[in-house]
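For reference, the structure is listed below as structure tokens.
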Amino acid sequence: MNYSSLFIIGCGDIGMRVGAAIAAMSIKVFGFSRGNKFPHDTTSSGITLSHYDLDILESSPAPDFKGAPLLYLAPPPGGGKSDTRVANFLVTIKPGFEPAKVIYMSTTSVYGECGDDTITEERAVNPSNHTALRRYDAEQRFRLWCSEHSVPLVILRVSGIYGPGRIPMQRIHSREPLLNEIEAGYTNRIHSDDLTQICIAAIEKGEDGDIFNISDGETNKMNDYFNAITDLMGVDRLPQVTLEEGRKVMSPLMLSYMTESRKVSNRRMLDRLGITLKYPTMLEGLKVSL
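Our numbering puts the first residue of the sequence shown at 13, with every later residue one more than the last.
Right, dumping it as structure tokens:
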């Protein structure tokens, strides 16, 4: 990697994985999180960790990123249609302190409902819920700022992340119902180990204006995901309800999550970033995650 340092904003599970891998290359890694607790053992990670609350504009000025790439992983705040954290962050970057490159982690939710279509990066966005609107707002804010400051921008539109510590055990234990298979939408996933190597490849190889759909390339229904988990656990599968029943027992966001359909192509990611997936199927990934 042709950098001597890396900055990670929103240094949670994925940030710690990426940071530790890059620190092992003898590259200085600086991670920032709004909390004081980190999801991994920090003593051996090789990452210099700091508190940074993006909800408070005056909390602290942005670091001097000059000459280093910036991996922005912080999620938007809850509520509203704008990512105020990105807005707060960008105004704190002093002139001359701009990063060499920004890699922003967005989500495939910005595409909205896509039916049976295979979704490439050329697909027009159509965010249909507030979560997706906040993600697209963040994309737009980074585009504008990076254009004004001549900073290359790479956007990763990530599908559902799963892996150790990311399995929805609470939903399984509480026996919350799923939408029936006929009415449920198609979904896509990526294992946290694979997402880690993809982030590193994007830092190394991503070019200005690049957008990558991040997925293992396998498309199935949400029911398939939960059925695979419960089958591997040896417990009963979750009950299923109709769409009409789901409107009564599910939150609007969960219902949207269950009904929106996307079949995401990962061809550009594989080809341009040179990715060989460790877990190209959901079942392979789940077996090492439970």
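Think of the CB as a built atom: it goes at the ideal place given N, C-alpha and C, for glycine as much as any other residue.
Here the structure is a predicted model, which is why all the values come from computation and not from measurement.
Runs of beta strand (DSSP E) lying entirely within the stretch 77-130, each at least 3 residues, in chain order: Along the stretch 77-130, the beta strand (DSSP E) occurs as fully enclosed runs of 3 or more residues at 81-84 and 113-119, listed in sequence order.
Same chain, Cβ closer than 6 angstroms to P164, neighbours up to 5 away in sequence not counted: The answer, listed in chain order, is K113 and D220.
Beta-carbon proximity of S273 to G218, cut-off 8 angstroms: For S273 and G218, no; Cβs fall outside 8 angstroms.
Whole-angstrom C-beta distance between P89 and D67, which should lie under 8 angstroms: Indeed they touch by this definition, with Cβ atoms about 6 angstroms apart.
N- and C-terminal bounds of the alpha helix (DSSP H) containing I210: From DSSP, the alpha helix (DSSP H) with I210 extends over S204 to K217.
Among R279, K275 and S204, nearest to Y291 - alpha-carbon criterion: Comparing C-alpha distances from Y291 to each of R279, K275 and S204 shows the shortest one belongs to S204.
Backbone secondary structure at N138 - three-state DSSP: The answer is coil: DSSP assigns N138 none of H, G, I, E or B.
Alpha-carbon spacing of I167 relative to N14, whole angstroms: If I take the Cα positions, the gap works out to 20 angstroms.
Where the beta strand (DSSP E) through V170 begins and ends: Per DSSP, V170 belongs to the beta strand (DSSP E) from L165 to V170.
Alpha-carbon to alpha-carbon, R97 and R153: Going by the C-alpha atoms only, they are around 11 angstroms apart.
D283 classed as buried or exposed, judged by whether at least 16 other C-beta atoms fall within 10 angstroms: With fewer than 16 Cβ atoms within 10 Å of its Cβ, D283 is classed as exposed.
CB-CB length for D149 against K93, believed under 8 angstroms: 6 angstroms between Cβ atoms; contact.
DSSP state of Y174 mapped onto helix, strand, coil: The answer is strand: DSSP assigns Y174 an E or B state.
Backbone secondary structure at H185 - three-state DSSP: Of the three classes helix, strand and coil, the one that applies to H185 here is helix, per DSSP.
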